[in-house]
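Q: Using our numbering, the first residue of the sequence shown is number 1256, and each one after it goes up by one. Ideal placement from N, C-alpha and C gives every residue a C-beta, glycine not left out. First, the structure itself, so that you have it in front of you.
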Amino acid sequence: MTTSRCARYLRETKSGALRIDRAAIREEEKLDGKWVITSNDDTLTAEDLALGYQQLMRVEQAWHTMKSGLRTRPVFHGTPHRICAHISLCVLALLVERIAEIRASDTWHNIAAAVDTIKVVDYQRGGVRVQQTTELRADVAGLLRGLGVDSPPRLHHVEQAASAAAGA
């Protein structure tokens, strides 16, 4: 039929055709922009719960941002120590994000976009293979200085190209 996510908004007619269930959509629209949060701690106020949930979303977003740069996929944890490690990494990611935002006086999104402009190119010239960082834009160099991070070296690797070495 379709994914369970969409199935709740569809109904099947007697002839087997799928139709949009407008009543189900209206019911869901009543919840648009609202959260339903439960807790087993009855000492927390609604504001505390909402703030805690927002912080959790930021931690998960920070973790997602870190993982997306590494091109990783979801990992399902089966043991308590792995779950604890995952949460620790999420908190560490959020801490790194917040420190960077404070030092740079900018959003993490803008910082990540600026850093993403730093590239390493690999090329051959005259029988020599070279890996070199692209020239840093002035704003990116300033951002790195403000964050207390050294600029990457201009030259990463130089070696005799395989074809030139074989012919020697």
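Check whether the Cβ atoms of Ile1274 and Leu1265 lie closer than 8 Å to each other.
A: According to the sequence shown, residue 1274 is Arg rather than Ile. In this structure, Leu1265 lies closer than 8 Å to Arg1274 by Cβ.
Q: Can you grab the Cα-Cα spacing for the pair Ile1292 / Gly1307, in whole Å?
A: Roughly 10 Å separates the two Cα atoms.
Q: Would Ala1272 be called buried (16 or more neighbouring beta carbons within 10 Å of its own) or exposed?
A: Its Cβ having fewer than 16 others within 10 Å, Ala1272 is exposed.
Q: What's the C-alpha gap between Leu1263 and Glu1284?
A: In the sequence as presented, Leu is not what sits at residue 1263; that position holds Arg. Whole-angstrom Cα-Cα distance: 13 Å.
Q: Is the CB-CB distance between Ala1355 and Leu1402 below 8 Å?
A: Yes, Cβ-Cβ distance for Ala1355 and Leu1402 is below 8 Å.
Q: Note down, in chain order, each residue of its chain lying with its Cβ closer than 7 Å to the Cβ of Cys1261, except the 5 sequence neighbours on either side.
A: Cβ neighbours of Cys1261 beyond the five flanking positions: none.
Q: According to DSSP, is Thr1388 helix, strand or coil?
A: DSSP places Thr1388 in strand when its eight states are reduced to three.
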